[in-house]
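Below is one structure, written out as structure tokens; the observations come after it.
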Amino acid sequence: MPPCVAWNSVPKEGTCRGTGRSSEPTAFTGDWQGHSEFAYGFLILPSGLAYNGGVDDLTGTVAGCGTGSMYFQQQEISDSKGNLQGQWQIIEGIGTNDLTGVRGSGTFSGVTKPDGS
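Okay, here's the thing in structure tokens:
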């Protein structure tokens, strides 16, 4: 599979794939507060469907659990209009401090704008 020109490239035929990582920490607010760094991979089809997966390292505070760091993985699918849905799961056993034994999973949905936000 050839690499994509950009994260939002749509190939005319076949598929394209790519990888990336955060260039600076991303802020989290709400029940999870702190900052995260991440790495991801993606595959894009000519239909515009994109399959993405990644791992985040969150350092901060989780409401009801405490402060420390933890890792979680995400998988998502998005369509050519930017509609996305996915799931996340905490990777158990590699957290620090209060988040050492934290576990959980969930789902999410949203819309990605053309600029990636």
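Residue numbers 3 to 119, in this note's numbering, belong to the letters of the sequence shown in order.
The beta-carbon is built from N, C-alpha and C at its ideal position, and this holds for glycine as well.
Bridge partners for Ala29 per DSSP, in chain order?
His37
For Leu47, which three-state DSSP category applies?
coil
Please classify Asp58: is it buried, with 16 or more other beta-carbons within 10 angstroms of its beta-carbon, or exposed?
buried
Alpha carbon to alpha carbon, how far is Ile92 from Thr69?
15 Å
Going by DSSP, name the residue or residues bridged to Asn85.
Val113
Using DSSP with H/G/I as helix, E/B as strand and the rest coil, what is Thr17?
coil
Which two residues bound the contiguous beta strand (DSSP E) that contains Ser80?
Gly68 to Ser80
Using three-state DSSP, classify Thr98 as helix, strand or coil.
strand
Can you tell which of Asn99, Ser107 and Ser11 has the C-alpha that lies nearest to the C-alpha of Leu51?
Ser11
If you measure between the beta carbons of Ser111 and Leu86, is that distance less than 8 Å?
yes
For a quick check, are the C-beta atoms of Leu36 and Thr17 less than 8 Å apart?
Here residue 36 turns out to be Gly, not Leu, going by the sequence shown. In this structure, Thr17 does not lie closer than 8 Å to Gly36 by Cβ.
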